[in-house]
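Enquirer: In terms of mature numbering (1 follows the signal peptide of the UniProt record, and there is no 0), the sequence shown is residues -21 to -1, 1 to 639.
Glycine included, C-beta positions come from ideal geometry on N, C-alpha and C.
Structure provided below as structure tokens; questions to follow.
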Amino acid sequence: MKTRKVLALAGVTLLAAGVLAACAGGSATKKGEQTFAFTYETHPDNLNYLTTGKAATADITSNVIDGLLENDKYGNLIPSLAEDWSVSKDGLTYTYKIRQDAKWYTSEGEEYAPVKAQDFVTGLKYATDKKAEALYLVQDSIKGLDAYAKGEITDFAQVGIKALDDQTVQYTLNKPESFWNSKTTMGVLAPVNEEFLNSKGDDFAKATDPGSLLYNGPYLLKSIVTKSSVEFAKNPNYWDKDNVHIDKVKLSFWDGQDTSKPAENFKDGSLTAARLYPTSASFAELEKEMKDNIVYTQQDSTTYLVGTNIDRQSYKYTSKTSDEQKTSTKKALLNKDFRQAIAFGFDRTAYASQLNGETGASKILRNLFVPPTFVQADGKNFGDMVKEKLVTYGDEWKDVNLADAQDGLYNPEKAKAEFAKAKSALQAEGVQFPIHLDMPVDQTATTKVQRVQSMKQSLEATLGTDNVIIDIQQLQKDEVNNITYFAENAAGEDWDLSDNVGWGPDFADPSTYLDIIKPSVGESTKTYLGFDSGKDNVAAKKVGLYDYEKLVTEAGDEATDVAKRYDKYAAAQAWLTDSALIIPTTSRTGRPILSKMVPFTIPFALSGNKGTSEPLLYKYLELQDKAVTADEYQKAQEKWMKEKAESNKKAQEELAKHVK
């Protein structure tokens, strides 16, 4: 969330439902009580939607907590708890009218209190006081919030959020943000009832207790059992209950080992949808039996990547046998030519085929951290803007294709050329070869192990084992999570290369990706690069990340001209691509599934918590009796894309009516 959230590598530690967004199939819906049954793979460590930045929590809470706005199935922002809103002509003041029929309910469905404007003030104050992981989304946006968060002011009443009356909440921004409304779907801006919050104290939002939350959304959390099950029931008194078509949701924990199990459970009726694993032993037989029903979902905006630990501190899980090997690896990872050799020498198609099979491998490939079509300006998409900047960094980038669904980076000859430059420089520093790179992997997740082994094979084949050795550390799932995804600080990031995380955007602007690794303040520098953010990290200085931060900051300062803003962010993305500090691999979706979901009935968006591919939202979702066919899906997609273009255009025209 994430992102809004740091995401664990798909197929390992997130609710697998995410791969189903913006897809499904069929025509005839089911009658009577409807239950959606699926799997999940990571149990959340809390349910605190106000403070967590982890997708494992958002996957649950986004279905039970509403915010001001949400997305419709075409990606337009529409009223949720705010039945109407307006923005001042200078773009600094947003005023929302809270609907009077919005209520808080207990997990048993008992009415607790009305949702009031003050609940949004209470929520933001609590999130700030608790140093919420996603506070960065709004800390520099809302007037006075940064000063309050830093203790420079102590009266929250001085912060630019006010409850003007019970039904009106108003935000005052530091500068215009054309994308501000897209932030309102995130948990850090969600409401909370102050009386309930105080009554629960430290027991608020406990991971195993549905009663530790109040609910204002379409579903109530009825049961949550660690690494076993999560169950929801439709909120019968929800203000928009007519758009909630599924009565119950049942998620069962799956450890990722038996990759044939989801399909078998789909066929026997115990699952409503199932992700497929083309590399599993049973897939060939399944393909013969259900070939017409295998659908590849479209790519989403979540980007998975390989991170490089440029400041590793822990060596509990390592194959290194001497301090000399540790020092040599550190020096190598600080060398841009060495990192580029890794980026160019890594066969992503082979890597992706371990999950999607040879036929579907290209359908999930990604070459940029910010997806190339995430935003557009002046008739160009973001990827085109980046390419124009990237070619100025050197000849190695002239023929690189940055589009999705193909491997634009893999080039063994380029990899060897970059490595030759790196080796010469590193030997002059006393570095000893081969360079040993520890890479952790969940040993119980078959496809993950296969992917890491594929990366090892292509890199060692390209660069030679006398130069580079990938030391795969096969660990228990919890061990991997604790030294990557759940590590509390950089000292806990125990790896050299890691493909265990990714990023899902929080809002509709490139900054949602690029800000998170600003070395001074980025909240994901430890997860992707192995150092805690701050102004004096030696490794960050050596690789030039403070120069990157200047580019990102300059782009963020361009508040009124969107085309100029995106152009400047493209320059920052080009720097990041050339640095090879993080190496994009795949999107989260674009994978084969079997499904009984009616096509394109769920909310859609490329960012936020109320219309993305992660989490899967159950509001609006409709089911059918039979599995979708590929033909049904294609026709539905064509119809949806046409309708989406028309709907988005109309929504843009309507925006002017909110300026007052």
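When you compare only the Cα positions, how much space is there between LYS623 and TYR53?
Expert: In the sequence shown, counting from the first residue as 1, residue 623 sits at position 644. In the sequence shown, counting from the first residue as 1, residue 53 sits at position 74. Straight-line Cα distance between these residues: approximately 5 Å.
Enquirer: Report the rounded CA-to-CA distance for SER499 versus ASN27, giving the unit in angstroms.
Expert: As a working note, residue 499 is residue 520 in the sequence shown. As a working note, residue 27 is residue 48 in the sequence shown. About 26 Å.
Enquirer: Apply the 10 Å Cβ neighbour rule to THR205 and answer buried if 16 or more other Cβ atoms are within range, or exposed otherwise.
Expert: Your numbering for residue 205 matches position 226 in the sequence shown. So THR205 counts as exposed.
Enquirer: When DSSP labels each residue in this structure, what does GLN292 get in the three-state scheme?
Expert: Taking the sequence shown and counting its residues from 1, the one referred to as residue 292 is at position 313. Correct three-state label for GLN292: coil.
Enquirer: Kindly indicate which residue of GLY590, TRP554, ALA538, SER558 has the alpha-carbon position closest to the one of GLY70.
Expert: Within the sequence shown, numbered from 1, the residue matching residue 70 stands at position 91. It is ALA538.
Enquirer: For ALA81 and ILE581, what's the separation of their Cα atoms in angstroms?
Expert: Here residue 81 refers to the residue found at position 102 when the sequence shown is read from its first residue. Here residue 581 refers to the residue found at position 602 when the sequence shown is read from its first residue. When rounded, the distance between both Cα atoms is 22 Å.
Enquirer: Can the beta-carbon of GLY443 be found closer than 8 Å to that of SER490?
Expert: Counted from its first residue, the sequence shown places residue 443 at position 464. Counted from its first residue, the sequence shown places residue 490 at position 511. No, these two residues do not count as a Cβ contact at 8 Å.
Enquirer: Restricting to Cα atoms, I'd like to know which of LEU47, GLU89, TRP64, VAL480 is closest to TYR283.
Expert: Numbered from 1 along the sequence shown, position 304 holds the residue referred to as residue 283. It is VAL480 whose Cα lies nearest to the Cα of TYR283.
Enquirer: What's the C-alpha gap between SER586 and GLN411?
Expert: Numbered from 1 along the sequence shown, position 607 holds the residue referred to as residue 586. Numbered from 1 along the sequence shown, position 432 holds the residue referred to as residue 411. If I take the Cα positions, the gap works out to 44 Å.
Enquirer: Any idea what DSSP makes of LEU602, helix, strand or coil?
Expert: Numbered from its first residue, the sequence shown carries residue 602 at position 623. LEU602 falls in the strand class under three-state DSSP.
Enquirer: Give the DSSP-derived three-state secondary structure of SER231 in the structure shown.
Expert: Along the sequence shown, one-based indexing puts residue 231 at 252. SER231: strand per DSSP, three-state reduction.
Enquirer: So, for LEU152: in the same chain, excluding its five sequence neighbours on each side, which residues have a beta-carbon less than 6 Å away from its beta-carbon?
Expert: Residue 152 sits at position 173 when you count from the first residue of the sequence shown. Answer for LEU152: LEU71, SER120, listed in chain order.
Enquirer: Looking only at C-alpha atoms, which of HIS22, ASP494, ASP63 sits nearest to LYS636?
Expert: Looking up residue 636 in the sequence shown gives position 657. The shortest C-alpha separation from LYS636 is found at ASP63.
Enquirer: Roughly how many angstroms separate the alpha carbons of ASP299 and PRO419, rounded to a whole number?
Expert: Counting from one through the sequence shown, the residue named residue 299 turns up at place 320. Counting from one through the sequence shown, the residue named residue 419 turns up at place 440. Rather than Asp, the amino acid found at residue 299 in this sequence is Lys. For LYS299 and PRO419, the distance between alpha carbons rounds to 14 Å.
Enquirer: When you compare only the Cα positions, how much space is there between SER574 and PHE211?
Expert: Indexing the sequence shown from 1 puts residue 574 at position 595. Indexing the sequence shown from 1 puts residue 211 at position 232. Taking the straight line joining both Cα atoms gives about 20 Å.
Enquirer: Under 6 Å Cβ to Cβ from THR328, same chain only, skipping five residues before and after it: list those, please.
Expert: Your numbering for residue 328 matches position 349 in the sequence shown. For THR328, where only same-chain residues beyond five positions count, the Cβ hits under 6 Å are ALA340, ASP386.
Enquirer: Verify whether the separation of the beta carbon atoms of GLY324 and LEU347 is less than 8 Å.
Expert: Reading the sequence shown from its first residue, position 345 is the one you call residue 324. Reading the sequence shown from its first residue, position 368 is the one you call residue 347. No; because the gap between Cβ atoms is not below 8 Å, this pair is not in contact.
Enquirer: Please report the distance separating the alpha-carbon of ASN314 from that of VAL522.
Expert: For this step, residue 314 is matched to residue 335 along the sequence shown. For this step, residue 522 is matched to residue 543 along the sequence shown. Roughly 7 Å separates the two Cα atoms.
Enquirer: Candidates TYR492, ALA320, ASP515, GLU266: which alpha carbon is nearest ALA551's?
Expert: For the purposes of this step, residue 551 is taken as the residue at position 572 of the sequence shown. For the residues TYR492, ALA320, ASP515, GLU266, the minimum Cα distance to ALA551 belongs to TYR492.
Enquirer: When the distance is taken between beta carbons, is ASN214 closer than 8 Å to GLY88?
Expert: For the purposes of this step, residue 88 is taken as residue 109 along the sequence shown, with counting starting at 1. For the purposes of this step, residue 214 is taken as residue 235 along the sequence shown, with counting starting at 1. Cβ atoms of GLY88 and ASN214: closer than 8 Å.
Enquirer: Pick out whichever of THR74, VAL66, ILE57 has its Cα sitting closest to the Cα of THR164.
Expert: The sequence position of residue 164 within the sequence shown is 185, counting from 1. Among THR74, VAL66, ILE57, the Cα nearest to that of THR164 is on ILE57.
Enquirer: Between which two residues does the beta strand (DSSP E) containing THR133 stretch?
Expert: As a first step, residue 133 is located in the sequence shown; it is residue number 154 there, counting from the start. Element bounds for THR133: n/a, residue is neither H nor E.
Enquirer: Report back the beta-carbon spacing between residue 643 and LEU369 to the nearest angstrom; my notes put them in contact at under 8 Å.
Expert: Examination of residue 643 is not possible in this model, given that the chain is present from -21 through 639 alone.
Enquirer: Verify whether the separation of the beta carbon atoms of THR107 and LEU124 is less than 8 Å.
Expert: Looking up residue 107 in the sequence shown gives position 128. Looking up residue 124 in the sequence shown gives position 145. Cβ distance < 8 Å, so THR107 and LEU124 count as in contact.
Enquirer: In three-state terms, what does DSSP make of VAL(-3)?
Expert: Residue numbering aside, residue -3 sits at position 19 when the sequence shown is read from its first letter. Note on VAL(-3): pLDDT 28, under 50, position unreliable in the model; no value is reported.
Enquirer: Note down, in chain order, each residue of its chain lying with its Cβ closer than 8 Å to the Cβ of PRO155, except the 5 sequence neighbours on either side.
Expert: Counting from 1 along the sequence shown, the entry for residue 155 is found at position 176. Closer than 8 Å at Cβ, skipping near neighbours: ASP69, GLY70, LEU71, ALA538, THR539.
Enquirer: Distance, Cα to Cα, ASP188 vs ASP226?
Expert: Position 209 of the sequence shown, counted from the first residue, corresponds to residue 188. Position 247 of the sequence shown, counted from the first residue, corresponds to residue 226. Going from the Cα of ASP188 to the Cα of ASP226 covers about 21 Å.
Enquirer: How long is the line joining the alpha carbons of PHE17 and ASP51, rounded to whole angstroms?
Expert: Stepping through the sequence shown from its first residue, residue 17 is reached at position 38. Stepping through the sequence shown from its first residue, residue 51 is reached at position 72. Going from the Cα of PHE17 to the Cα of ASP51 covers about 23 Å.
Enquirer: From ALA3 to TYR612, what does the alpha carbon distance come to, in whole angstroms?
Expert: Against the sequence shown, residue 3 aligns to sequence position 24. Against the sequence shown, residue 612 aligns to sequence position 633. With a pLDDT of 30 at ALA3, under the threshold of 50, the modelled position of that residue is not reliable, and the figure given next carries that caveat. Looking at the two C-alpha atoms, the distance is approximately 7 Å.
Enquirer: So GLY286 is in the beta strand (DSSP E); what residue range does that whole segment cover?
Expert: Your numbering for residue 286 matches position 307 in the sequence shown. Per DSSP, GLY286 belongs to the beta strand (DSSP E) from 282 to 287.
Enquirer: Can you tell which of VAL607, ARG567, ALA553 has the C-alpha that lies nearest to the C-alpha of MET576?
Expert: As a working mapping, residue 576 is identified with position 597 in the sequence shown. Among VAL607, ARG567, ALA553, the Cα nearest to that of MET576 belongs to VAL607.
Enquirer: Answer with buried or exposed for LEU(-2), where buried requires no fewer than 16 other C-beta atoms within 10 angstroms of its C-beta.
Expert: For this step, residue -2 is matched to residue 20 along the sequence shown. The pLDDT assigned to LEU(-2) is 30, lower than 50, so where the model puts this residue is not dependable; a value taken from the coordinates is nonetheless given after this. LEU(-2) should be labelled buried.
Enquirer: Taking only the alpha-carbon atoms, compute the straight-line gap between ALA(-6) and THR281 and give it to the nearest angstrom.
Expert: On the sequence shown, residue -6 is found 16 positions in, with the first residue counted as 1. On the sequence shown, residue 281 is found 302 positions in, with the first residue counted as 1. Because the pLDDT at ALA(-6) is just 30, under 50, the model does not fix this residue reliably, and the point stays unresolved.
Enquirer: Can you check the region 343 to 425 for any alpha helix (DSSP H) of at least 4 residues that lies completely inside it and give the ranges in chain order?
Expert: If we require 4 residues or more, the alpha helix (DSSP H) runs fully inside the region 343 to 425 come out as 361 to 369, 391 to 407.
Enquirer: Keeping to the same chain, check which residues put their C-beta closer than 8 Å to that of ASN627; ignore five residues upstream and five downstream.
Expert: As a first step, residue 627 must be located in the sequence shown, where it is residue number 648. Around ASN627: TYR53, GLY54, ASN55.
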